[in-house]
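Chains as they are written, first to last, in this note's numbering: chain A, 1 to 183; chain B, 1 to 104.
Below: the structure, in structure tokens.
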Amino acid sequence: MAEVLFAIVALATGGSALGVVLSRSIVRAAVWLLFTLVGVSLTYFLLGAEFLGAAQLIVYVGGTLVLVVFGVMLTSGGPNQGFRPKKLEWFMAGSLATALFTLLVVGSLGLATPTSGDGELPGTGPLGLSFLGIPEPGRPSGSAFLLPFEIVSVHLLVVLIAAAYLARAKRRVGGTTEPGGPP
Amino acid sequence: MNDLGLTPFLVLSAFLFACGILCFLTKRNAIGLLMGVELVLNAANLNFVAFARYVPEFKLEGQVFAVIVIVLAAAEAAVALAIFLNFYNNHAGVDVDEAKDLKG
């Protein structure tokens, strides 16, 4: 049962990842990316990480992908909309990607699955406690994640302010504004 | 679900990683490159979660790092799109081959 479910989800995820690579239109690539992200979140659910699956659906599918689609809409209509790379570029990139894939697959086939104990992932409660700086029972008191959590949240705030500053409305260029300068 | 083993997840993640590499090697559209980066980040995240599931010492750490990577990917997408919008305003397109203003 688990094997069948994983096979279906993995085939869907990998197929839509290929769709991202192979589709010529950037809008279609965005739609394929949507299916890939949903497939990855289903894989998280299969692994038993429910919080991560939900966070993936909310943040990636609901946030990042909407940002990407907005970017596609705001920057569409360029001259190279349906640009296809040359055969040589496909060959080089394809051989590099195949080499990397083979390397990774050989490496992961050599890894044995560790014989785990109970095997279940901790749920949302222990995760939230460790983000609040409370370590797991039986762990030393420095082994929680309050500082990374704070760093990441302040980083996200700073980055979003900077993004809003960078993307503020400006004139379209006809050669009048200097590139990169203040408007 | 308990007897699936680590390897299938690692193979799926390697496939996603290779697709991401291929994506940002073959696309000229800057947003296409961003999609490739998202694929690579998802592959890394899948590895984190798979190891968290199957290695008992990393049960919490894998999930924590995956959450952090998801948040940082959102931040990265926001900044990248802001830069691409600026680039589009200055170049009337998002072809990354035109981004050579800083070339000496």
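Note that beta-carbon positions come from the ideal geometry of N, C-alpha and C, so glycine has one too.
- Taking a beta-carbon distance threshold of 8 Å, A/I161 does not count as an interface residue toward chain B.
- Counting the other CB atoms within 10 Å of its CB gives B/I68 a total of 16 or more, which places it among the buried residues.
- Per the C-alpha coordinates, the member of B/A77, B/N86, B/F58 and B/V55 positioned closest to B/L39 is B/A77.
- Contacts between B/V37 and chain A, judged by CB atoms closer than 8 Å, are missing: the closest CB pair is about 11 Å apart.
- Taking the C-beta atoms as reference points, A/F131 is found no nearer than 8 Å to A/L109.
- A distance of 8 Å or more separates the beta carbons of A/G39 and A/A2.
- Just measuring C-alpha positions, the residue of A/L57, A/W32, A/S153 and A/R28 sitting nearest A/L42 is A/L57.
- At a cut-off of 8 Å between C-beta atoms, B/G104 does not count as an interface residue with respect to chain A.
- In the DSSP annotation of this structure, the continuous segment of the alpha helix (DSSP H) that includes A/P148 starts and ends at L146 to L166.
- With its beta carbon at least 8 Å from every one in chain A, B/K100 lies outside the interface.
- With a cutoff of 8 Å on beta-carbon distance, A/A30 and A/V61 are scored as not near each other.
- Residue B/Y88 holds the alpha-carbon nearest to the alpha-carbon of B/I31 among B/K59, B/Y88, B/L102 and B/N45.
- For the 8 Å CB-CB criterion, A/L166 and B/A82 form a contact.
- Between the stretch 47 to 57 of chain B and the stretch 7 to 23 of chain B there are three or more C-beta pairs closer than 8 Å, enough to call the two in contact.
- Rounded to whole angstroms, the separation of the alpha carbons of B/M35 and A/T98 is 19 Å.
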